[in-house]
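Here's the structure, in structure tokens; my notes come after.
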Amino acid sequence: MRVLGLSSATKKISLGFIDEGKVLFDKTIDELHSEKILYYVKQKGIKPEQIDAVAVAAGPGSYSGLRGGLATAKLLAQTLNIPLALASTLEAIAYSQIDKEGEIVVILNAKRDEYNYARFKAENGKLARLTEDLVGTLDQIDIKIDIKDAFVLKEKDPLGKDVAKLGLTRLKLGAIEDPFKAVPKYSHQPNIRKFEPCSK
């Protein structure tokens with residue numbers, strides 16, 4: 002199965018395309034919309050009809066980045082009539098170290114003096130999740146997770162190729178998302194203030 006992976010959960014927008022375990026391309030891009038993404042795909046000699054599925058980093062991450070990435074992935078899934086898979090941003094970051102052996106802790110700034118974090122274990126080329134995606138202060142992370150003997154990934158960007166690989170795994174397990182219902186997974190609700198008209 003050929004899967005297009007997309008991440009805009011952090012400041013870096015990353016696009017990747019895989020054919021089963023083989024990475025066909027992995028690219029940092031500067032614009033996030035479906036026409037530009039398909040342009041990059043075509044530049045690599047890949048026709049849109051050769052894309053079997055699309056996967057996207059659905060959170061945690063920046064509010065606008067997650068919204069934009071998921072909206073683009075949903076549009077591609079609907080336009081090309083292909084399955085959509087969602088990947089955890091933290092798990093995609095951990096997946097970049099899948100060739101290591103041992104525990105991996107991923108820590109990502111969540112603002113407001115808090116951090117998104119999760120713990121994984123890499124063994125024999127496979128990644129196992131040891132905790133859910135969590136949010137807390139650095140002190141809370143120290144209390145909840147023993148990171149002394151772990152490989153710590155802090156403030157790293159998820160790559161499109163790793164999102165695609167996670168998406169492929171989820172799709173093989175039957176975890177297909179409805180593009181009309183899929184929503185980002187925020188660690189905090191967006192800070193939207195109620196409009197108050199100015200008094201005269």
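Under my numbering, think of the first position of the sequence shown as 2, with each following residue one higher. We put the CB at the ideal spot given by N, CA and C, even for glycine. Given the structure is predicted, the values throughout are model-derived calculations rather than measurements.
For residue i versus residue j, is the C-beta spacing smaller than 9 Å?
{"i": "Ala165", "j": "Ile19", "result": "yes"}
{"i": "Val106", "j": "Lys157", "result": "no"}
{"i": "Leu91", "j": "Leu71", "result": "no"}
{"i": "Val55", "j": "Leu85", "result": "yes"}
{"i": "Leu77", "j": "Ile38", "result": "yes"}
From the DSSP secondary-structure annotation, give me the bridge partner or partners of residue i.
{"i": "Leu135", "result": "Tyr118"}
{"i": "Val42", "result": "Note: Val42 sits in no beta bridge, so no partner."}
{"i": "Ile14", "result": "Ile30"}
{"i": "Ala86", "result": "Ala56"}
{"i": "Asp20", "result": "Arg3, Lys23"}
{"i": "Lys127", "result": "Glu124"}
Under the criterion of a Cβ to heavy atom distance below 8 Å, does residue i qualify as lining the ligand PLP?
{"i": "Val55", "result": "Looking at this structure, you won't find the ligand PLP or any other ligand, since it has none at all."}
Exposed or buried, what is residue i when buried is set at 16 or more other beta-carbons lying within 10 Å of its beta-carbon?
{"i": "Ala118", "result": "Strictly speaking, residue 118 in this sequence is Tyr, with Ala absent from that position. Counting Cβ neighbours within 10 Å, Tyr118 comes out buried, since at least 16 surround it."}
{"i": "Ile144", "result": "exposed"}
{"i": "Leu160", "result": "buried"}
{"i": "Leu139", "result": "exposed"}
{"i": "Leu169", "result": "buried"}
{"i": "Leu131", "result": "exposed"}
{"i": "Glu32", "result": "exposed"}
{"i": "Arg113", "result": "exposed"}
{"i": "Asp163", "result": "buried"}
Do you know how far the Cα of residue j is from the Cα of residue i?
{"i": "Lys45", "j": "Gly60", "result": "28 Å"}
{"i": "Gln51", "j": "Asp147", "result": "44 Å"}
{"i": "Leu174", "j": "Ile83", "result": "16 Å"}
{"i": "Tyr64", "j": "Lys12", "result": "11 Å"}
{"i": "Val136", "j": "Glu21", "result": "32 Å"}
{"i": "Gly126", "j": "Glu115", "result": "31 Å"}
{"i": "Ser210", "j": "Ala58", "result": "In the structure as shown, the chain begins at 2 and stops at 201. Residue 210 is therefore absent and cannot be evaluated."}
Report yes or no: is there a C-beta of chain D within less than 9 Å of the C-beta of residue i?
{"i": "Arg171", "result": "This model lacks chain D altogether; it includes just one protein chain."}
In chain order, each beta strand (DSSP E) run of at least 3 residues that lies wholly inside the stretch 129-188
135-137, 152-155
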